[in-house]
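Quick note: the sequence shown, position 29, residue 30 per this note's numbering, numbers continuous.
Here is the structure we will look at, set down as structure tokens.
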Amino acid sequence: MPPGQWDKAIHFSAYALLGAATAWALRPGSWSRIGRAWVGVAAFGALDEVHQHWIPGRSPDPVDWLADSAGGAVGLALFGARTARRESRS
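Below, the structure is given as structure tokens:
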């Protein structure tokens with residue numbers, strides 16, 4: 002990975018964990034609920050980027066938000082699919 006791109010991997014990983022935790026907490030069970038949860042995770046990422054405007058040494062970056070949103074989607078999809086599959090078996 003090129004230097005300077007680790008930041009994006011960290012954003013992706015952190016928001017994948019947030020997405021998985023959100024799916025675990027909500028137990029969505031349906032793809033429409035997972036989609037709505039993703040909107041919440043992506044909005045949280047956007048607010049996180051905006052608030053960096055006021056943090057010394059930080060600045061908002063739309064590419065970081067894309068990494069946040071993609072990571073959240075992966076975390077939600079993986080954990081949400083696992084939860085939905087388990088619930089359909091019972």
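Quick reminder that beta carbons are idealized off the backbone N, C-alpha and C, glycines included.
Just so you know, these numbers come straight off a predicted model, no measurement behind them.
Beta-carbon proximity list for residue i, same chain, < 6 Å, skipping 5 on both sides
| i | result |
| --- | --- |
| aspartate 69 | His12, Tyr16, Gly46 |
| leucine 77 | Gly20, Ala24, Ile35, Ala38, Trp39 |
Any C-beta of chain E under 8 Å from that of residue i
| i | result |
| --- | --- |
| alanine 78 | In the displayed structure, chain E is absent; only one protein chain is listed. |
Beta-carbon spacing of residue i, residue j below 8 Å
| i | j | result |
| --- | --- | --- |
| glycine 73 | leucine 27 | no |
| isoleucine 35 | alanine 24 | yes |
Sequence-distant residues of the same chain with beta carbon closer than 7 Å to residue i, five excluded per side
| i | result |
| --- | --- |
| glutamine 1 | Examination of residue 1 is not possible in this model, given that the chain is present from 2 through 91 alone. |
Whole-Å CB distance - residue i paired with residue j, under 8 Å assumed
| i | j | result |
| --- | --- | --- |
| alanine 21 | leucine 79 | 7 Å |
For residue j and residue i, the rounded distance between their alpha carbons
| i | j | result |
| --- | --- | --- |
| aspartate 49 | aspartate 65 | 10 Å |
| serine 14 | leucine 67 | 12 Å |
| glycine 41 | valine 75 | 14 Å |
| proline 63 | valine 51 | 9 Å |
| serine 33 | alanine 71 | 17 Å |
| glutamine 6 | tryptophan 55 | 23 Å |
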